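A short write-up of the structure that comes next.
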Amino acid sequence: MAADGSALEQPDDGRVGVSIDGRDARFPKGMLVLDAATELGIHIPIYCAHPKMDPVAVCRMCLVNIEKFPKPQPACATVVAEGMVVRTETAEVTELREGMLEFLLLNHPLDCPVCDRGGECDLQDFTFRYGPGVSRFPITEKVHFNKAVPLSQHIELDQERCILCWRCVRYYDEITGEKEIVLQQRGVQTLVATFNDQELQSAFQGNLPEICPVGALTHREYRFVSRPWDLQRAAGVCPECSYGCNINVDSRDFEVKRFASRDNPLVDDSWLCDRGRYSFPVWNSAERVRRAAVQPRGGESRDVSVDDAVAAAAAELRGVIDEHSGEAVAVLGSAQSTNEECWLLERLARTVIHTPHIDHQLEAFADLTAGEHELGIAEIEECDTLVVLGPQPEIEAPVLTLRLYKAEQKRGARVLRLDADTAPARVAAAVGTAQRVGLIADETNRAHAARVAPALAGKRSVRMLTITRGVNGRGAKDLGVLPNLGAGYQSAPASGKSGREILEAAAEGSIRALLLLGPNPALEAAGELLERALRKLSVVVAIDTRPGAASRAATVLIPGHALLEKAGSVTNVEGRVQRIRTALPPATSAPPETRVLSALAGKLGAKGWERGDVLTVNRAMRDAIPAYAAAGNGGRAVWAAEAPA
Amino acid sequence: MAEYKLLTKDFGTERLQTLSVYESTGGYQGLREAFKKFTPESLVNEVKTSGIRGRGGAGFPTGTKWSFLPKDVFPRYLCCNADESEPGCFKDRYLIDESPHQLIEGVLIASYAIQCNTAFIYIRGEYHDQRLLLERAVEEARSAGYIGKNIAGSGFDCEIIVHGGAGAYICGEETALIDSLEGLRGQPRLKPPFPAIKGLYGQPTVVNNVETLCNLPHIVQRGGEWFKSLGTERSTGTRVFCCSGHINRPGNYEMQLGTQIRELLEEECGGMWRDRSLKAFQPGGGSMQVLLPEHLDLPLDMDAVAKAGSSLGAGAMVFMDETTCLVDVSMRLVDFYQHESCGKCVPCREGTYFESQLMHRLERGEASTSELATLAGICANMDGRCFCPLGDTATWFVMSAYKHFGEEFEAHCGAGECPVKARSVAMVA
Chain A
18 MAADGSALEQ PDDGRVGVSI DGRDARFPKG MLVLDAATEL GIHIPIYCAH PKMDPVAVCR
78 MCLVNIEKFP KPQPACATVV AEGMVVRTET AEVTELREGM LEFLLLNHPL DCPVCDRGGE
138 CDLQDFTFRY GPGVSRFPIT EKVHFNKAVP LSQHIELDQE RCILCWRCVR YYDEITGEKE
198 IVLQQRGVQT LVATFNDQEL QSAFQGNLPE ICPVGALTHR EYRFVSRPWD LQRAAGVCPE
258 CSYGCNINVD SRDFEVKRFA SRDNPLVDDS WLCDRGRYSF PVWNSAERVR RAAVQPRGGE
318 SRDVSVDDAV AAAAAELRGV IDEHSGEAVA VLGSAQSTNE ECWLLERLAR TVIHTPHIDH
378 QLEAFADLTA GEHELGIAEI EECDTLVVLG PQPEIEAPVL TLRLYKAEQK RGARVLRLDA
438 DTAPARVAAA VGTAQRVGLI ADETNRAHAA RVAPALAGKR SVRMLTITRG VNGRGAKDLG
498 VLPNLGAGYQ SAPASGKSGR EILEAAAEGS IRALLLLGPN PALEAAGELL ERALRKLSVV
558 VAIDTRPGAA SRAATVLIPG HALLEKAGSV TNVEGRVQRI RTALPPATSA PPETRVLSAL
618 AGKLGAKGWE RGDVLTVNRA MRDAIPAYAA AGNGGRAVWA AEAPA
Chain B
32 MAEYKLLTKD FGTERLQTLS VYESTGGYQG LREAFKKFTP ESLVNEVKTS GIRGRGGAGF
92 PTGTKWSFLP KDVFPRYLCC NADESEPGCF KDRYLIDESP HQLIEGVLIA SYAIQCNTAF
152 IYIRGEYHDQ RLLLERAVEE ARSAGYIGKN IAGSGFDCEI IVHGGAGAYI CGEETALIDS
212 LEGLRGQPRL KPPFPAIKGL YGQPTVVNNV ETLCNLPHIV QRGGEWFKSL GTERSTGTRV
272 FCCSGHINRP GNYEMQLGTQ IRELLEEECG GMWRDRSLKA FQPGGGSMQV LLPEHLDLPL
332 DMDAVAKAGS SLGAGAMVFM DETTCLVDVS MRLVDFYQHE SCGKCVPCRE GTYFESQLMH
392 RLERGEASTS ELATLAGICA NMDGRCFCPL GDTATWFVMS AYKHFGEEFE AHCGAGECPV
452 KARSVAMVA
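Respectively, the protein sequence lines represent chains A and B. Taking the numbering used here, the leading residue of the first sequence gets 18, the next gets one more, and so forth. Taking the numbering used here, the leading residue of the second sequence gets 32, the next gets one more, and so forth.
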């Protein structure tokens, strides 16, 4: 305190006191006025500014009055300072917003009625909210540009609607580094176009229509498809890979019309890959298993109620267990199933059927531990060096590429893309003296990555991330749908057969019954072996969504729900447990898988399985597995290291 | 007080463009003295003492600009702005044409002061002959040891690269110049960071006008105190004024700052042509506000002209006689800005287009009186709200012309006749 006691020294908490529209608050140093206002719930309209990109301050919509500045300042490019007094409601600001909107609309075609963006367009919205009622510009003197220019199979550009906010150009500069879109000409003739008129090549072009604040860049797949207010939106997780990008599933008339990004800075950072984004039509397929059926070997298939099918399944399984033992039964789950289903399936196998033969994929992973995904996606940015073994991780989970680029561009990290089989010593040499190393591999190269990691060990931190396959590939592993591990990577009481070994044993006759929870595209890789095994098995209980080898060979078939028809949770590559919500009505009247599995367990004589609704199962799972309880919705499941035997 | 020849003292000497003749007039003595008499720091201080302000238009004190460079960050760059494109401005071309070595000497002195080892001269694309002349002079200076390693035995190294622009007015704006030099679209950058902190290739950079740099050999040789004795207290030294318009002797005249504008017009330019009277003049090039005959008594002093509501800008004096229609002039200038707007920010890109459409309607007699209010509204929404000064200044002339000659604008409205044209036709007939 000062000697005269007049001034109390503010401790430096890294924050500064700012007043915005008469509201005082403290904000971190370096924060933009725009973000500070947003924190206070004060809306400042923006076009060029984008939360994931550096400011350019060209649209001038966010100009606000700041005391001591004679001219209005761009809120998107001005950082807060101690004692700053910002006003966003002055007559000058109101008038300049009207003026900027009048300018923006001068050469805009105003074709909102036929524009895909109508209803979710910032130009429309801000014009209603802040704009002038009329234009003083003679409509005959507009500058015209090309409309509906195809830039690729996915993207269409309307140069007239473009307001030249530069977001698409900066997206390619800052987010992907591909520089496919450029500005051409100058002044009022300025337009965006692809470099040398080449077709867009990027694997991330689907983000362009989302960053475009107007209807200049649109999805060709969504052209004239729907108005936003006719869409039903459900928050979900992209089903295409295990990276776990958050999405909104937008459907209309019970069909998915598009996948839209839903920003999760810890996972997708608001970007989707085209493979994921444009994978939505597969969920509209009418080719589905719709009715439960019983088809005894050598007999006729007949439709039955789900209750009868479950009873028949229990009876057939019981028959095999009684005649042989639980070990004559195998259980195959899937990386497409929810955590709740995986958890039930694992307990059904190990505690009800008493079989160790459970898996969700073909090959067994030796020495699988939770250490294999210690490195979180967002933590990639904290590494100073990232080693990516082979191209597979980025092929399997394309959005990873953008996180690596961000680490490189914005955090100064070094990304070493090495051959998948690079010798550990050579990896160590390439890494040099880096202190925080991230080691990324896919499942095929996980064993090699495990050999590389010790070669890097030392005083630095080395964290690994293995890119799993299937939307819930990590959840299936976490929850022990594995032959050698139970939930939480703990050793299973008895070691069982891997997916391929199960099929081989079935084909050769020592496994007699199979419980299949589909859909499981991984199994199809087994090809002829799968067909042979299914033919030989005396009991095949299949819960599946699509007609295929399993449904054809099933002695008891129960229709399953597609992922978008289900509620529950899935766990992404880094162990993040994320909620999925019902986005489409089910294509079958059968109850959801959690109820079917619970009923089956009940019929097999298990106690305490009466309630199979997702909420009950989810609660029971979290009670049983503390890591999942701690992860909650959106957190990462952290596993304690296995106690030494 | 007549012309005061400091930079232009030896202009007209035969073959002054060659190194040997330039040296025979005392050329490169300034550079040698700079090495001998000054450390880089003391040279910066000497230039501060001289009080010289930038001659490119903004009039920022040169020494102060240099002292903004962060200590110990290298390399640093100097960019000589020779992208002279202000309508009515042709002094830099004259300075290069007459004495390219004087500019090179100035570039070297500035480079020494700011410890830069690579300097660029960014010259506008249309100055093709001047670029060749400069390139020849650079070669000559290099073979004489003034450019390259260990210049004149001083231990100081400096390369000079002459770079031709591609024809854009905006590239005279310092950050757009830097972008253009880097091979990017010539568009202004967001400030801060200012070029002094992060400029060319992300390094500390000084951008100085041709005329500013041409002053340096003289400041070094005769001292900052002496230089300060020229001109007025806050506008020191001389400036080369590009005089054009309806005058008897258009051309470049170097005047001590502080001289009356009337003297420049009447003594150097030979007064208005054909005994016509002065209607208006523009003291700083196309961007600056129009002044009236009553302002002829103003001194050529940056602050005095600013106080009168205009600016000395880049030193272009455009005198207009009574036959000039200010609506016509405004339209032409607005068209220029509309054509040169880089398109980066909304108010400049769209505003200049709107302005230009309205001015054409006015000129064609299609505009209604209410559109004059629209014009004023557009200009108000541009001035002070654009990304860089181009858009701001695109409104200054037209708004000042409207202020002083409103009745002329109104007469053009609603299928009106241009009153000036009618009068001029009568006068000539």
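Glycine is no exception: its CB is placed at the ideal position from the N, C-alpha and C atoms. All values reported here derive from a predicted model rather than from experimental measurement.
Does the separation of the CB atoms of residue 603 of chain A and residue 582 of chain A fall below 8 Å?
-> Yes, Cβ-Cβ distance for residue 603 of chain A and residue 582 of chain A is below 8 Å.
Subject >> Opening and closing residue of the beta strand (DSSP E) in which residue 343 of chain A lies >> reply: Following the DSSP letters along the chain, one finds residue 343 of chain A in no beta strand (DSSP E), marked with neither H nor E.
Problem set entry | Proximity of residue 341 of chain B and residue 319 of chain B at Cβ, strictly below 8 Å | Contact flag set, yes.
Chain A within 8 Å of residue 204 of chain B, Cβ atoms only: Interface annotation, residue 204 of chain B: not in contact with chain A, CB-CB separation never under 8 Å.
Near-chain B residues of the segment 105–117 of chain A - C-beta to any C-beta below 7 Å: Correct list: 113, 116, 117.
### Message
Which residues in chain A have a C-beta closer than 7 Å to the C-beta of residue 375 of chain B? List them in chain order.
### Response
For residue 375 of chain B, the chain A residues whose C-beta falls within less than 7 Å of its own C-beta are 75, listed in chain order.
Can you tell me whether residue 30 of chain A is helix, strand or coil according to DSSP? Under the three-state reduction of DSSP output, residue 30 of chain A falls in the coil class, being neither helix nor strand.
Return the Cβ separation of residue 261 of chain A and residue 595 of chain A in integer angstroms, given the expectation that the two are a contact with Cβ distance under 8 Å. At roughly 6 Å, the Cβ-Cβ gap stays under 8 Å, so residue 261 of chain A and residue 595 of chain A are in contact.
_Just to make sure I have the definition right: I need the residues of chain A whose C-beta is within less than 8 Å of the C-beta of residue 385 of chain B. Which are they?_
Against residue 385 of chain B, the close residues of chain A are 120, 123, 154, in the order they occur along the chain (beta-carbon pairs closer than 8 Å).
**Prompt:** Should residue 386 of chain B and residue 120 of chain A be called a contact, given that it needs their Cβ atoms to be closer than 8 Å?
**Reply:** Judged by their CB atoms, residue 386 of chain B and residue 120 of chain A are not nearer to each other than the 8 Å cut-off.
Suppose you measure from the CA of residue 379 of chain A to the CA of residue 518 of chain A; what does that come to, to the nearest Å?
Residue 379 of chain A and residue 518 of chain A have their C-alpha atoms spaced approximately 8 Å apart.
Checklist entry - Of all the CB atoms in chain A, is at least one closer than 8 Å to the CB of residue 364 of chain B? => result Not an interface residue.
- DSSP three-state assignment for residue 616 of chain A, whether helix, strand or coil: When secondary structure is reduced to three states using DSSP, residue 616 of chain A falls in the helix class.
Nearest CA to the CA of residue 274 of chain A: which residue from A:299, A:287, A:284, A:280?
Selected option, being the one with the closest Cα: A:299.
Given this structure, state the Cα-to-Cα distance separating residue 167 of chain A from residue 122 of chain A, to the nearest angstrom. Residue 167 of chain A and residue 122 of chain A: Cα-Cα distance of roughly 24 Å.
Is there a Cβ from chain A that is less than 8 Å from the Cβ of residue 291 of chain B?
Closer than 8 Å: no.
**Asked** Can you list the residues of chain B that residue 514 of chain A reaches, using a CB-CB cut of under 8 Å?
**Response** The contacting residues do not exist; residue 514 of chain A stays about 60 Å from chain B at best.
Mind checking the segment 166–199 of chain A against chain B and listing, in chain order, the residues whose C-beta falls within less than 7 Å of any C-beta there?
From the segment 166–199 of chain A, only 181 have a Cβ closer than 7 Å to chain B.
* To do: Output, in chain order, the set of chain A residues within a Cβ distance shorter than 7 Å of residue 418 of chain B.
  => The answer, in chain order, is 74, 75.
For chain A, find out if any of its Cβ atoms is closer than 8 Å to the Cβ of residue 194 of chain B; answer yes or no.
No - not a single Cβ of chain A is within 8 Å of the one on residue 194 of chain B.
- Task: Identify which residue in A:66, A:453, A:85, A:105 has its Cα closest to the Cα of residue 57 of chain A.
- Result: The closest CA to that of residue 57 of chain A, considering only A:66, A:453, A:85, A:105, is found on A:105.
- Count the other CB atoms within 10 Å of the CB of residue 314 of chain A; is the residue buried (16 or more) or exposed (fewer)? The residue in question, residue 314 of chain A, is exposed, as its Cβ has fewer than 16 Cβ neighbours within 10 Å.
| said: residue 174 of chain A and residue 233 of chain A - do their beta-carbons sit closer together than 8 Å? | reply: Yes.
Run down chain B in chain order and give the residues with a C-beta less than 8 Å from the C-beta of residue 205 of chain A. Residues of chain B whose Cβ lies closer than 8 Å to the Cβ of residue 205 of chain A are, in chain order, 369, 372, 374, 380, 381, 383, 384.
Note to self: Buried or exposed for residue 487 of chain A, going by 16 or more other Cβ atoms inside 10 Å?
What the structure shows: Residue 487 of chain A counts as buried, since at least 16 other C-beta atoms from the protein chains shown sit within 10 angstroms of its C-beta.
* Of all Cβ atoms in chain B, is any one closer than 8 Å to the Cβ of residue 94 of chain A? -> At a cut-off of 8 Å between beta carbons, residue 94 of chain A contacts chain B.
Requested in this report: Please say whether residue 66 of chain A and residue 93 of chain A have beta carbons closer to each other than 8 Å?
Outcome: Yes. Within cutoff.
query = Quick one: complete beta strand (DSSP E) runs, 3+ long, within the segment 130–170 of chain B?
reply = As far as the segment 130–170 of chain B is concerned, its whole beta strand (DSSP E) runs of at least 3 residues are 149–154.
Answer with yes or no whether the minimum CB distance from residue 405 of chain B to chain A is below 8 Å.
At least one CB atom of chain A sits nearer than 8 Å to the CB of residue 405 of chain B.
Listing by chain order, which chain B residues have their CB less than 8 Å from the CB of residue 158 of chain A?
Within chain B, the residues whose beta carbon sits less than 8 Å from that of residue 158 of chain A are 388, listed in sequence order.
### Short CB-CB distance (under 8 Å) between residue 89 of chain A and chain B
Chain B, which has a Cβ nearer than 8 Å to the Cβ of residue 89 of chain A, makes this yes.
_Own chain, CB closer than 7 Å to residue 417 of chain B, minus 5 neighbours either side, in chain order_ = The answer, listed in chain order, is 376, 378, 379, 423.
- For residue 355 of chain B, name the three-state secondary structure that DSSP assigns. Per DSSP, reduced to three states, the secondary structure at residue 355 of chain B is coil, with no helix or strand assignment.
*Whole alpha helix (DSSP H) runs in the segment 313–389 of chain B with 4 or more residues, listed along the chain?*
The alpha helix (DSSP H) runs of length 4 or more contained entirely in the segment 313–389 of chain B are, from start to end of the chain, 333–338, 357–371.
Exposed or buried, what is residue 133 of chain A when buried is set at 16 or more other beta-carbons lying within 10 Å of its beta-carbon? With 16 or more other Cβ atoms within 10 Å, it is buried.
- Message: Taking 8 Å as the cut-off, does the segment 318–327 of chain A touch the segment 231–247 of chain A (at least 3 CB pairs, one atom from each stretch)?
- Response: The answer is no - the segment 318–327 of chain A does not touch the segment 231–247 of chain A, with fewer than three Cβ pairs under 8 Å.
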